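**Student:** Mind having a look at this structure? Questions to follow.
Protein chains in written order, with the working numbering: chain A, 1 to 259; chain B, 260 to 513.
Set out below in structure tokens:
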């Protein structure tokens with residue numbers, strides 16, 4: 001962490017000699033669009049992809065985990081999803097989309113990012129719901145709650161810390177990968193990165209990296225805050241007590257429950 | 260269980276065989292007309308072009324080299340960090356926070372920034388290694404924490420020292436969780452190595468980028484297939500390793 005400022009302030013070949021200058025220098029930038037426009041593009045792509053991921057993965061995982069169904073399929077899906085490189089998906093989708101006249105923006109990029117975000121969200125939600133104390137579910141059933149009520153009122157709130165952690169991982173990965181779209185003809189913050197690397201203008205690379213990192217860390221903090229606000233008080237206290245008992249808060253990261 | 264595994268392998272074999280037959284049929288049926296269209300995969304590039312096997316082999320080898328070096332370095336570093344975290348409990352939170360912070364740095368950006376100061380290989384390895392740390396540290400610590408208290412008490416009762424208890428009792432019992440972390444780290448790294456193509460490395464990722472830049476989908480498909488295959492193979496390899504290293508788990512389950 002201490003190396004970062006030194007790295008970022010290092011001089012480049014020509015043009016602006018440090019990152020601060022780069023931000024004010026309007027002449028030497030790769031992309032003609034203003035910075036905020038590219039920034040907005042990155043944020044918007046990431047937000048849309050994350051939303052789609054959450055809408056797709058969380059309900060499915062909760063449903064599957066509640067009924068203890070499809071464990072084998074879920075594990076396979078998560079593992080294969082992790083193994084598929086984003087570069088591939090982007091390349092193929094962009095080419096397919098261009099050839100069929102769908103254009104570049106934004107669907108190929110969004111789909112690639114969604115595929116990237118699905119596995120961590122799905123795995124964490126599944127593991128979270130699976131890990132809910134069976135006695136809590138039993139008690140709820142004894143009180144006459146239906147399956148839907150058990151899912152909504154018992155399992156999801158109790159699994160919430162893990163679910164949010166999964167969404168956080170997915171979001172960070174999505175934001176981290178979005179700049180890759182620029183290498184496949186897109187725009188966004190990656191455009192600076194691509195141009196900087198090809199012209200060996202490393203100040204530009206560093207400035208772009210800084211902006212992407214700020215976006216990623218900002219999103220992470222935002223989700224931490226949302227997680228804190230959304231988690232019911234009882235669950236929070238339980239987590240707190242566990243930490244007080246000096247057990248690690250976060251369990252092992254496993255490839256969904258193994259079969 | 261045995262029957263299901265047989266079914267899976269049989270299915271894979273049948274699928275591969277069908278694919279090969281189909282590819283052969285495609286090659287034999289090739290004429291100038293079919294070549295003029297723009298198929299997703301040009302099988303003649305894969306099977307008939309002379310340079311293809313060596314190119315693919317080189318790319319795969321580089322991919323494998325980057326992945327394994329990064330994971331090995333990550334494992335050593337993570338083991339050290341985990342040892343510190345286990346010995347001095349209060350360091351656990353800062354260590355996970357730090358590795359979490361490393362994980363937050365966008366990969367594309369990190370490759371770029373490191374490349375601006377160091378060579379491609381150093382940049383790629385530093386970045387890839389730092390991404391493996393989060394999963395590895397967390398899983399090593401969680402695995403060793405998960406060893407039942409009664410077992411460690413028994414080890415103490417037998418008069419084992421702290422180091423011997425760790426090496427001969429806790430580490431073997433924590434192995435499944437540690438290997439689970441290793442598998443995730445490896446599979447993720449295989450995918451990330453593809454991105455190092457933006458700094459002129461990348462193994463199979465380079466193939467994919469080339470394919471995209473020249474609008475030649477064959478290279479993309481072949482590069483991706485090899486990359487996925489590599490991830491699956493490494494995953495299976497680590498699984499095998501785990502089975503071999505924990506014979507007692509097998510004995511108990513059968």
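Just so it is clear, CB atoms sit at the ideal spot from N, CA and C, and this is done for glycine as well.
None of the values given here were measured: they were computed from a predicted structure.
Between which residues of its own chain and residue 53 (chain A) is the CB-CB distance below 7 Å, once the five residues before and five after are set aside?
**Tutor:** Here the set comprises 114, 117, 118, 121, 170.
**Student:** Using a Cβ distance threshold of 8 Å, determine whether the stretch 330 to 346 of chain B contacts the stretch 386 to 403 of chain B, with at least three qualifying pairs required.
**Tutor:** yes
**Student:** Does residue 505 (chain B) come out as helix, strand or coil in the three-state DSSP assignment?
**Tutor:** coil
**Student:** Report the neighbours of residue 474 (chain B) on chain A: residues whose CB is nearer than 8 Å to its CB, in chain order.
**Tutor:** 95
**Student:** Do residue 325 (chain B) and residue 455 (chain B) have their CB atoms nearer than 8 Å?
**Tutor:** yes
**Student:** To the nearest angstrom, how far is the alpha carbon of residue 431 (chain B) from that of residue 104 (chain A)?
**Tutor:** 51 Å
**Student:** Could you tell me whether the stretch 366 to 375 of chain B touches the stretch 178 to 194 of chain A, where touching means 3 or more Cβ pairs closer than 8 Å?
**Tutor:** yes
**Student:** Quick check: is the beta carbon of residue 460 (chain B) nearer than 8 Å to any beta carbon in chain A?
**Tutor:** no
**Student:** By the criterion of Cβ-Cβ separation under 8 Å, what are the contact partners of residue 409 (chain B) in chain A?
**Tutor:** By Cβ distance, chain A contributes nothing, its closest Cβ being about 16 Å from residue 409 (chain B), past 8 Å.
**Student:** In this structure, does DSSP put residue 8 (chain A) in helix, strand or coil?
**Tutor:** Low per-residue confidence applies at residue 8 (chain A): pLDDT is 45, beneath 50, and the placement is therefore not dependable, though the value from the model is reported in the following sentence. Reduced to three states, the DSSP call for residue 8 (chain A) is helix.
**Student:** Does the Cβ-Cβ distance between residue 300 (chain B) and residue 505 (chain B) come in under 8 Å?
**Tutor:** no
**Student:** Skipping 5 residues on each side, what residues in its chain have a beta carbon closer than 6 Å to that of residue 90 (chain A)?
**Tutor:** By the criterion of a C-beta distance shorter than 6 Å, residue 90 (chain A) is surrounded in its chain by 112, 184, once the five residues flanking it on both sides are discounted.
**Student:** Whole angstroms is fine: what's the gap from residue 273 (chain B)'s alpha carbon to residue 74 (chain A)'s?
**Tutor:** Roughly 23 Å separates the two Cα atoms.
**Student:** Just the Cα atoms here: how many angstroms apart are residue 480 (chain B) and residue 321 (chain B)?
**Tutor:** 18 Å
**Student:** Counting only Cβ pairs nearer than 8 Å, list the residues of chain A close to residue 494 (chain B).
**Tutor:** 79, 83
**Student:** Counting only beta-carbon atoms, is residue 272 (chain A) nearer than 8 Å to chain B?
**Tutor:** The requested residue 272 (chain A) is not part of the displayed model; chain A covers only 1 to 259.
**Student:** Using a Cβ cut-off of 9 Å, which residues of the stretch 301 to 330 of chain B contact any Cβ in chain A, in chain order?
**Tutor:** Cβ contacts with chain A: none found.
**Student:** Ordered along the chain, which non-local residues of its own chain (more than five positions away) have a Cβ less than 8 Å from that of residue 132 (chain A)?
**Tutor:** 154, 155, 158, 159
**Student:** So which residues on chain D does residue 369 (chain B) lean against when the C-beta distance must stay under 8 Å?
**Tutor:** Although the question refers to chain D, the structure presented lacks it and instead comprises the protein chains A and B.
**Student:** By alpha-carbon positions, which one of A:227, A:186, A:88 ends up nearest to residue 470 (chain B)?
**Tutor:** A:88
**Student:** List the residues of chain A that residue 483 (chain B) touches, going by C-beta distances under 7 Å, in chain order.
**Tutor:** 85, 88
**Student:** Return helix, strand or coil for residue 486 (chain B), following the three-state DSSP convention.
**Tutor:** helix
**Student:** Should the stretch 457 to 471 of chain B be called in touch with the stretch 375 to 389 of chain B, which here means at least 3 C-beta pairs below 8 Å?
**Tutor:** The answer is yes - the stretch 375 to 389 of chain B touches the stretch 457 to 471 of chain B, with three or more Cβ pairs under 8 Å.
**Student:** Do residue 103 (chain A) and the ligand NAD come close, with the Cβ less than 7 Å from some heavy atom?
**Tutor:** In the structure on display, the ligand NAD does not appear, and there are no ligands present to speak of.
**Student:** Going along chain A, which residues have a C-beta under 8 Å from residue 464 (chain B)?
**Tutor:** 85, 87
**Student:** What would DSSP say about residue 409 (chain B), mapped onto helix, strand or coil?
**Tutor:** helix
**Student:** If we require 4 or more residues per run, which alpha helix (DSSP H) segments fall completely within the stretch 305 to 363 of chain B?
**Tutor:** 311 to 346, 351 to 363
**Student:** Residues of the stretch 440 to 457 of chain B in Cβ contact with chain A at a cutoff of 9 Å, in chain order, please.
**Tutor:** 440, 442, 443, 446, 447, 449, 450, 451, 452, 453, 454, 456, 457
**Student:** So which residues of chain B does residue 179 (chain A) contact, with C-beta pairs closer than 7 Å?
**Tutor:** 365, 367, 368
**Student:** Under three-state DSSP, which class holds residue 124 (chain A)?
**Tutor:** helix
**Student:** Check this for me: beta carbons of residue 489 (chain B) and residue 323 (chain B), under 8 Å apart or not?
**Tutor:** yes
**Student:** Along the alpha helix (DSSP H) that carries residue 211 (chain A), what are the first and last residues, could you check?
**Tutor:** In this chain, the alpha helix (DSSP H) harbouring residue 211 (chain A) covers 202 to 230.
**Student:** Are any of the Cβ atoms in chain B nearer than 8 Å to that of residue 92 (chain A)?
**Tutor:** Yes, its Cβ sits closer than 8 Å to a Cβ of chain B.
**Student:** Can you list the residues of chain B that residue 175 (chain A) reaches, using a CB-CB cut of under 8 Å?
**Tutor:** Contact note: residue 175 (chain A) reaches chain B through 365, using a C-beta cutoff of 8 Å and chain order.
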